[in-house]
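S.K.: Starting off with a structure, shown below.
There are 2 protein chains.
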Amino acid sequence: MINKLVEKIKKTNAPIVVGLDPMMKFVPGHIQRKAFEEYGETLEGAAEAIWQYNKALVDHIYDLVPAVKPQIAMYEQFGIPGLIAFKKTIDYCKEKDLVVIGDVKRGDIGSTSEAYAVGHLGKVKVGEKSYYGFDEDFATVNPYLGSDGVDPFIKVCKEEKKGLFILVKTSNPSSGEFQDRVIKDADKPLYEVVGEQVARWAEGHMGESYSYIGAVVGATYPEMGKILRKVMPKSYILVPGYGAQGGKGKDLVHFFNEDGLGAIVNSSRGIIAAYQQETYASFGEENFADAARAAVIDMQKDIAEALG
Amino acid sequence: MINKLVEKIKKTNAPIVVGLDPMMKFVPGHIQRKAFEEYGETLEGAAEAIWQYNKALVDHIYDLVPAVKPQIAMYEQFGIPGLIAFKKTIDYCKEKDLVVIGDVKRGDIGSTSEAYAVGHLGKVKVGEKSYYGFDEDFATVNPYLGSDGVDPFIKVCKEEKKGLFILVKTSNPSSGEFQDRVIKDADKPLYEVVGEQVARWAEGHMGESYSYIGAVVGATYPEMGKILRKVMPKSYILVPGYGAQGGKGKDLVHFFNEDGLGAIVNSSRGIIAAYQQETYASFGEENFADAARAAVIDMQKDIAEALG
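Read top to bottom, the protein sequences are chains A and B.
Positions 77 to 384 (the working numbering) are the ones given, in order, by the first sequence.
Positions 77 to 384 (the working numbering) are the ones given, in order, by the second sequence.
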């Protein structure tokens, strides 16, 4: 799957992943009204609204970008109906030949991580048969529990030709609280120690030019991105924090390798809720998906210019 | 909810939580066959089997213990049908007046953690109405992203009178890979630095005698438990790793405070799959739930003796 992701990035010339994080405040009124007329103001109604919203967005951007990243929390908050919308979204995006990165940030002890890996990336056995649960192409993973929390994910990725993005340095303001603390015997911050471990995992699990074990490093920390780029030369870096969280094209340069590859930049609300921004307000709420398309094109230009 | 948990622990004299982690290899053959006859060897069939297994277990232990801890990964691996079984299990346990600790280990940046908190512990707004998604009483949370990943959970707990157990030192063999690394300026391992932060969160969010912000510390690391007990005097410690993972009653003493409270010990396969152990083999597979009850009683004795 990493080979497919790299191919699609080259083909679209857009190292961009669109975050499908459908908060209700982003979903246009007409979509909400129609869903609520059909299902009432219920969890099912909310799930229908976010599914219709996602579908229109995907229809308008699928030819421009290589990948999407649905954030499962935004679906999970609506309970079972929300998770059904998450699954429908994954299936639809795969029909459109998009690479799907499940932003699930799972991570647990061995047998439990194995269950998560099987549920999100692999097949679960039921008697003599086996089934995909959610079937994303990549998943994000939290490394706090160490190798035996991550190894089961790697095992399933190897079997299924899928991939991971492991949290190294997250984009949020308080990410430094633990991640930036300097480890005594290494004389390096924790995120770098985690990055070195990701590099070791990556080396052992290579696709054609890049490993299928990648990392998450926030666009909001470009100096750390510069260091981590060198620490993990074979890992794709998933870079959240562009746009709404404050990251800009020029901050992104050092997340890429000299081959112009090695990073994929996420934008969520900057694209899916573009119609709510002054720049794209002229599209109007009804044309939210056209506004999203315009925002993708602008983001593609911004990054292409920054990369020179 | 922490007050209810403490009351129920005192009443049952059992600081025990039963981990409802229904791996298929634990589910007796007759339950699997019946479920597969009705639903086929499908995800629905697997979900029916784990639900019937859970229901029988809960019916046989609910009067002996204060709480259960369903591990969501074991359900999530079966996709949507599995998560429906997770929700049915939560609802049924609450009907039986058990405190439900959702072992979800979620954790993300601010707005995303808010969605998880709302989905698992709070109510989500849909138009003018609001709904519980999964409605556990407590949730486990991963702290790697720092305060702005945890704060939204605390906010929802305050509103809903619910609680958290934050991962500090996990029970798995490789937990030390990052958690034990010594932080230079604090000259203490990371788990202790995280523990100190948990203590600060706990102090600001008190129930009657204990805080509703607790911690997870593995039974497999009793020496660290001893230190962390002092670092977080007001936090309940959820202690996994008893039984199958190698922890014993005598290892648990230092996880408790002098009031005999402050810790709740989890056992999963040691109880729910007791019938597969030599000690309880005489019950036979058909009577797996009676074997589980006997295992709870033995565990209660083991801990009571250790606590003197």
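By construction, the Cβ of each residue, glycine as well, lies at the ideal position given by its N, Cα and C atoms.
Residues of the segment 218-251 of chain A with a CB closer than 8 Å to any CB of chain B: list them in chain order, please.
M.R.: N218, P219, Y220, L221, G222, S223, D224, G225, L243, T246, S247, N248, P249, S250 and S251
S.K.: Quick one: is K260 (chain B) near chain A, going by C-beta distance under 8 Å?
M.R.: Residue 260 (chain B) sits at position 184 when you count from the first residue of the second sequence. So yes, K260 (chain B) belongs to the interface.
S.K.: Assign M282 (chain B) to one of two classes, buried (16 or more other C-beta atoms within 10 Å of its C-beta) or exposed (fewer than that).
M.R.: For the purposes of this step, residue 282 (chain B) is taken as the residue at position 206 of the second sequence. Per the 10 Å Cβ criterion, exposed.
S.K.: Terminal residues of the continuous beta strand (DSSP E) containing R182 (chain A)?
M.R.: As a first step, residue 182 (chain A) is located in the first sequence; it is residue number 106 there, counting from the start. Here the beta strand (DSSP E) through R182 (chain A) covers V175 to R182.
S.K.: Buried or exposed: where does S247 (chain B) fall if 16 or more other Cβ atoms within 10 Å of its Cβ makes it buried?
M.R.: Start at 1 with the first residue of the second sequence, and residue 247 (chain B) comes out as number 171. S247 (chain B) should be labelled buried.
S.K.: May I ask you to report which of helix, strand or coil DSSP gives I185 (chain A)?
M.R.: To locate residue 185 (chain A), count along the first sequence from 1; it is residue 109. In this structure, I185 (chain A) counts as coil in the three-state DSSP scheme.
S.K.: Would V82 (chain B) count as contacting chain A if we go by Cβ distances under 8 Å?
M.R.: Mapped onto the second sequence, residue 82 (chain B) falls at position 6. For V82 (chain B), the answer is no, since every Cβ of chain A falls outside 8 Å of its Cβ.
S.K.: Pull out every residue of the segment 202-213 of chain B whose Cβ sits closer than 8 Å to any Cβ of chain A, in chain order.
M.R.: V202, G203, E204, K205, Y207, Y208, G209 and F210
S.K.: Give the range of the beta strand (DSSP E) segment to which G290 (chain B) is assigned.
M.R.: Within the second sequence, the letter at position 214 stands for residue 290 (chain B). Start and end: I289 to V293.
S.K.: So which residues of chain A does L304 (chain B) contact, with C-beta pairs closer than 8 Å?
M.R.: Taking the first residue of the second sequence as 1, we reach residue 304 (chain B) at position 228. Here the premise fails: no neighbours, minimum Cβ distance about 16 Å.
S.K.: Assess contact between the segment 154-163 of chain B and the segment 122-136 of chain B, defined as three or more Cβ pairs (one per stretch) separated by less than 8 Å. Is contact present?
M.R.: yes
S.K.: If contact is defined by three or more beta carbon pairs under 8 Å, each pair taking one atom from either stretch, is the segment 347-359 of chain B in contact with the segment 167-177 of chain B?
M.R.: no
S.K.: Going by beta-carbon coordinates alone, are L243 (chain A) and R257 (chain B) separated by less than 8 Å?
M.R.: The residue given as residue 243 (chain A) occupies position 167 in the first sequence. The residue given as residue 257 (chain B) occupies position 181 in the second sequence. The answer is no: Cβ separation not under 8 Å.
S.K.: Nearest chain A C-beta to M402 (chain B) closer than 8 Å, yes or no?
M.R.: Any answer about residue 402 (chain B) is impossible in this case: the structure gives chain B only from 77 up to 384.
S.K.: Please decide whether M300 (chain B) counts as near chain A, where near means a Cβ-Cβ distance under 8 Å.
M.R.: Within the second sequence, the letter at position 224 stands for residue 300 (chain B). No, M300 (chain B) does not count as interfacial toward chain A.
S.K.: Which runs of the alpha helix (DSSP H) at least 4 residues long sit entirely within the segment 292-376 of chain B? Give them in chain order.
M.R.: Listed in chain order, they are 298-307 and 345-348.
S.K.: Give the interface partners of Q128 (chain A) over in chain B, defined as CB-CB distance under 9 Å, in chain order.
M.R.: What you label residue 128 (chain A) is simply residue 52 of the first sequence in a count that begins at 1. In chain order: nothing, as chain B lies at least about 15 Å away.
S.K.: What does a CB cutoff of less than 6 Å around M300 (chain A) pick up in its chain, not counting 5 residues either side in sequence?
M.R.: Residue numbering aside, residue 300 (chain A) sits at position 224 when the first sequence is read from its first letter. Within the same chain, Cβ atoms closer than 6 Å to the Cβ of M300 (chain A) are found at K245, the five residues on either side in sequence being excluded.
S.K.: Who are the Cβ neighbours of K145 (chain B) in its own chain at under 6 Å, not counting the five residues just before and after it?
M.R.: Here residue 145 (chain B) refers to the residue found at position 69 when the second sequence is read from its first residue. Cβ within range, chain order: V93, G95, I177, D179 and N342.
S.K.: Determine the direct distance from the alpha carbon of A161 (chain A) to that of D111 (chain A), and round the result to whole angstroms.
M.R.: Numbered from 1 along the first sequence, position 35 holds the residue referred to as residue 111 (chain A). Numbered from 1 along the first sequence, position 85 holds the residue referred to as residue 161 (chain A). One detail in the question is off: residue 111 (chain A) reads as Ala in this sequence, not Asp. Cα to Cα, A111 (chain A) sits roughly 13 Å from A161 (chain A).
S.K.: Starting from I148 (chain B), trace the beta strand (DSSP E) both ways and give me its first and last residue.
M.R.: Taking the second sequence and counting its residues from 1, the one referred to as residue 148 (chain B) is at position 72. Looking at the DSSP string, I148 (chain B) is not in any beta strand (DSSP E), and its letter there is neither H nor E.
S.K.: Within 10 angstroms of its Cβ, does I440 (chain A) collect 16 or more other Cβ (buried), or is it exposed?
M.R.: Within the shown structure, residues of chain A are numbered from 77 to 384, placing residue 440 (chain A) beyond reach of any answer.
S.K.: Taking 8 Å as the cut-off, decide whether the C-beta atoms of E117 (chain B) and E204 (chain A) are in contact.
M.R.: Translated into the one-based positions of the second sequence, residue 117 (chain B) becomes position 41. Translated into the one-based positions of the first sequence, residue 204 (chain A) becomes position 128. Yes, the pair counts as a contact, with Cβ atoms nearer than the cut-off.
S.K.: So the candidates are A:C233, A:E236 and A:R182; which of them puts its Cα closest to the Cα of G225 (chain A)?
M.R.: Mapped onto the first sequence, residue 225 (chain A) falls at position 149. Checked all of A:C233, A:E236 and A:R182; the closest Cα to G225 (chain A) is A:R182.
S.K.: Smallest Cα separation from H136 (chain B): which of B:E253, B:Y115 and B:K172?
M.R.: Taking the second sequence and counting its residues from 1, one reaches residue 136 (chain B) at position 60. Per the Cα distances, B:K172.
S.K.: With respect to the alpha helix (DSSP H) encompassing L159 (chain B), which residues constitute its N-terminal and C-terminal limits?
M.R.: As a position in the second sequence, residue 159 (chain B) is number 83, starting the count at 1. Segment G155 to E171, the alpha helix (DSSP H) holding L159 (chain B).
S.K.: Give, in chain order, every residue of the segment 133-165 of chain B whose Cβ lies closer than 8 Å to some Cβ of chain A.
M.R.: Q147, A149, M150, E152, Q153, F154, G155, I156, G158, L159, I160 and K163
S.K.: Just to confirm, are V292 (chain B) and L304 (chain B) a CB contact at a threshold of 8 Å?
M.R.: Within the second sequence, residue 292 (chain B) is the residue found at index 216, counting from 1. Within the second sequence, residue 304 (chain B) is the residue found at index 228, counting from 1. Taking 8 Å as the Cβ cut-off, V292 (chain B) and L304 (chain B) do not qualify as a contacting pair.
S.K.: Per DSSP, which residues does K199 (chain B) bridge with? Please list them.
M.R.: What you label residue 199 (chain B) is simply residue 123 of the second sequence in a count that begins at 1. Answer is B:Y208.
S.K.: DSSP has D282 (chain A) in a bridge; who is on the other side?
M.R.: For this step, residue 282 (chain A) is matched to residue 206 along the first sequence. One detail in the question is off: residue 282 (chain A) reads as Met in this sequence, not Asp. The partner list for M282 (chain A) (beta bridge, DSSP) reads A:S287.
S.K.: Would you list, in chain order, the members of the segment 181-193 of chain A that have their beta-carbon closer than 8 Å to a beta-carbon of chain B?
M.R.: K181, R182, G183, D184, I185, G186, S187, T188, S189, A191 and Y192
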